[in-house]
Amino acid sequence: MTKNNYQTPTGMHDLFQKDLEQFSKIEQSAKKLADFYGFEKIETPILEFSEIFEKGTGADTDIVEKEMYSLKTKGGDLLTLRPEITPGVVRAYNQAGMQNLPKPVRLWYLGPCFRHERPQAGRYRQFNQLGFESFGTSHPIIDTITIQIFYSLLKSFGFKKLAVEVSCIGDSQCRGAFKKALTNYFRSRTSSLCADCRARLKKNPLRILDCKEEKCAVVKKGAPQVLDYLCKDCSNHFKSLLEFLEELEIPYNINPYLVRGLDYYTRTVFEIIEDTEEGRAQGSLTGGGRYDGLVKLLGGKDTPACGASMGVERVINLIKARTKNTAIDEPICDVYLAQVGELAKKKALKLFEQLRQANIKAGEGLHKESLSAQLGAADTMKAKYSLIIGQKEALNNQVIIREMKTGRQKVIDIDKVIKELKSKI
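According to numbering that gives the first Met the number 0, the sequence shown holds residues 0 to 424 in order.
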């Protein structure tokens, strides 16, 4: 970076008007679903104690090992810019004594997160995460509702052939036997694993199943499947979840190698994808699952919980890519106010304020002198009508109303303009 040529830091990005409009639409859609299903919004601090993520997300995960932005305060506290929001929500749940509220406690959020990962299409080092979390019941109906919310949300954004990749990774009763079988399988194939997965084999062999390296993908195809090791309770829980999804006619694929990349998951894990060749190449649109041990791990009572989240920018980028060739230019304004001369400018300024008060979407060229430039701007803004005040009209307290498409125009008194426009628009 040279002097006077400042850029955003690597992996950071600006959001402009069209991005923010799409962002707002996503937030409004999420709020509508949240209100219907009884979720209350929560905002947690962007900075949390590092230990929350080390204990909650998992000390051996890529997020904690490689991606966290951490700092030490002058007082000696170790803090981290949140790489995800779930552990902070759990901390807030415990700190606020929400375990005493009627169950389930349902919370949703939307806010920035930070991960120092390799930037790529749709993935940034600062990004916004949208999530829904439910606390207090282990019933698989909660898992189903979580999936239903995100399935409905993505449908509302125009994603069509959606499918849920779903699995059950067991709990403390049955996961030990599966991890042992998995360790034995991968240990005999250590030389075929990437360097990261060789380290994972010693710490948490489950995370090898989440590796995207091609050489590891080949090896894990023959690995033991977790569904063969589930205890009766986990098996019944998973069976009920699938029956609920079938009742809702939500398409799903059982993926026995789906584990997600975080240590706190138990039982249900899922991702929603577009079930096309292109969609699978793009990866999951959202994901989540059950985390029945996390509340207790972070100092609370033993509390079952379930949730999911999605990266907002990634979804926005996919929406923009799909709509850029089919989008219809919408009018930026209904009317455009043009003027020529100082007296006309004064009249136009007052009329522009009257248009605002009347909730008429208007553009203006009050800073311009050339009428042709102003009418050109009216075309650019797709205005249906232009209001023109020249020196003659200003002296007579009149306005020319021109229909932009046909060029037809008429002169009316300035105090009748608002009424005339409301009858036309």
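Don't be surprised by glycine CBs; every beta carbon is placed ideally from N, CA and C. Computed from a prediction, not measured in an experiment: that's the story for all the values here.
*When you compare each of K65, G364 and W107 to E42 by their alpha carbons, which one comes out closest?*
Here residue 42 refers to the residue found at position 43 of the sequence shown. Comparing Cα-Cα distances from E42 to each of K65, G364 and W107, the minimum goes to W107.
*So what does V165 bridge to, in DSSP terms?*
On the sequence shown, residue 165 is found 166 positions in, with the first residue counted as 1. Answer by DSSP bridge pairing, in chain order: I253 and F269.
*Counting only the same chain and skipping the five closest in sequence on each side, list residues whose C-beta sits under 8 angstroms from that of K214.*
Residue 214 sits at position 215 when you count from the first residue of the sequence shown. Sequence-distant Cβ neighbours of K214 in its own chain, meaning closer than 8 angstroms and more than five residues away, are S191, L192 and C193.
_Output needed for A357: all residues of its chain with C-beta closer than 6 angstroms, excluding positions within five of it in sequence on either side, in chain order._
On the sequence shown, position 358 is the one that residue 357 refers to. Excluding positions up to five away in sequence, the list reads I417.
*For N252, I'd like the list of residues in its chain whose CB is within less than 8 angstroms of its CB, leaving aside the five on either flank, ordered along the chain.*
For the purposes of this step, residue 252 is identified with residue 253 of the sequence shown, where counting begins at 1. Closer than 8 angstroms at the Cβ level, and outside the excluded window around N252, lie A162, V163, E164, V165 and D274.
*State yes or no: is the C-beta of E83 nearer than 7 angstroms to some heavy atom of the ligand NAD?*
Among the ligands in the structure shown, none appear at all, so the ligand NAD cannot be discussed.
*Which value, in whole angstroms, describes the spacing of the CA atoms of L152 and C112?*
The residue given as residue 152 occupies position 153 in the sequence shown. The residue given as residue 112 occupies position 113 in the sequence shown. Cα-Cα distance, rounded: 21 angstroms.
*C-alpha gap between L370 and N4, whole angstroms*: The residue labelled residue 370 in the question sits at position 371 within the sequence shown. The residue labelled residue 4 in the question sits at position 5 within the sequence shown. For L370 and N4, the gap between their C-alpha atoms comes out near 37 angstroms.
_Taking 8 angstroms as the cut-off, does the stretch 133 to 142 touch the stretch 303 to 322 (at least 3 CB pairs, one atom from each stretch)?_
Between the stretch 303 to 322 and the stretch 133 to 142, the count of Cβ pairs shorter than 8 angstroms is three or higher; the stretches touch.
*Mark T325 as exposed unless 16 or more other C-beta atoms lie within 10 angstroms of its C-beta, in which case mark it buried.*
If you number the sequence shown from 1, residue 325 lands on position 326. Low confidence applies here, because T325 scores a pLDDT of 48, under 50, leaving its location unreliable and the question unanswered by this model.
*Which one of P8, T72 and I271 has the shortest CA to CA distance from G310?*
Counted from its first residue, the sequence shown places residue 310 at position 311. Relative to G310, the option among P8, T72 and I271 whose CA is nearest is I271.
*Nearest-angstrom Cα distance between G406 and N396?*
Here residue 406 is taken as the residue at index 407 of the sequence shown, counted from 1. Here residue 396 is taken as the residue at index 397 of the sequence shown, counted from 1. Rounded to whole angstroms, G406 to N396 spans 22 angstroms at the Cα level.
*Given a threshold of 16 other Cβ atoms within 10 Å of its Cβ, counted over all protein chains shown, does G47 qualify as buried or as exposed?*
Looking up residue 47 in the sequence shown gives position 48. Strictly speaking, residue 47 in this sequence is Glu, with Gly absent from that position. Counting C-beta atoms within 10 angstroms of its own C-beta, E47 has 16 or more neighbours from the protein chains shown and is therefore classed as buried.
*Using CA coordinates, which residue listed in R81, F131, I45 and G75 is at the minimum distance from A33?*
Residue numbering aside, residue 33 sits at position 34 when the sequence shown is read from its first letter. Looking from the CA of A33, the closest CA among R81, F131, I45 and G75 belongs to F131.
*Work out the CA separation of S49 and G75 for me, nearest whole Å.*
Here the question's residue 75 lines up with position 76 in the sequence shown. Here the question's residue 49 lines up with position 50 in the sequence shown. G75 and S49: Cα-Cα distance of roughly 12 angstroms.
*Comparing alpha-carbon positions, which option in D412, A377 and S422 lies nearest K367?*
Your numbering for residue 367 matches position 368 in the sequence shown. Checked all of D412, A377 and S422; the closest Cα to K367 is A377.
*Take F38 and list the residues in its own chain whose beta-carbon comes closer than 7 angstroms to its own, dropping the five residues that flank it on each side.*
To locate residue 38, count along the sequence shown from 1; it is residue 39. R105, L106, W107 and F131, listed in sequence order.
_Considering only the alpha carbon of each residue, which of N254, R114 and L241 lies closest to P82?_
In the sequence shown, residue 82 corresponds to position 83, counting from 1. In this structure, R114 is the residue among N254, R114 and L241 with its C-alpha nearest to the C-alpha of P82.
*Bridge partners of E132, per DSSP?*
Numbered from its first residue, the sequence shown carries residue 132 at position 133. As a beta-bridge residue in DSSP terms, E132 pairs with L106 and G306.
*asked:* L208 and A222 - do their beta-carbons sit closer together than 8 angstroms?
replied: Residue 222 sits at position 223 when you count from the first residue of the sequence shown. Residue 208 sits at position 209 when you count from the first residue of the sequence shown. Yes.
*Mapping DSSP to helix, strand and coil, what is A372?*
Your numbering for residue 372 matches position 373 in the sequence shown. Under the three-state reduction of DSSP output, A372 falls in the helix class.
*Quick one: give me the first and last residue of the beta strand (DSSP E) that S239 is part of.*
Walking along the sequence shown from the start, residue 239 turns up at place 240. No beta strand (DSSP E) holds S239; the alpha helix (DSSP H) holding it covers K231 to E246.
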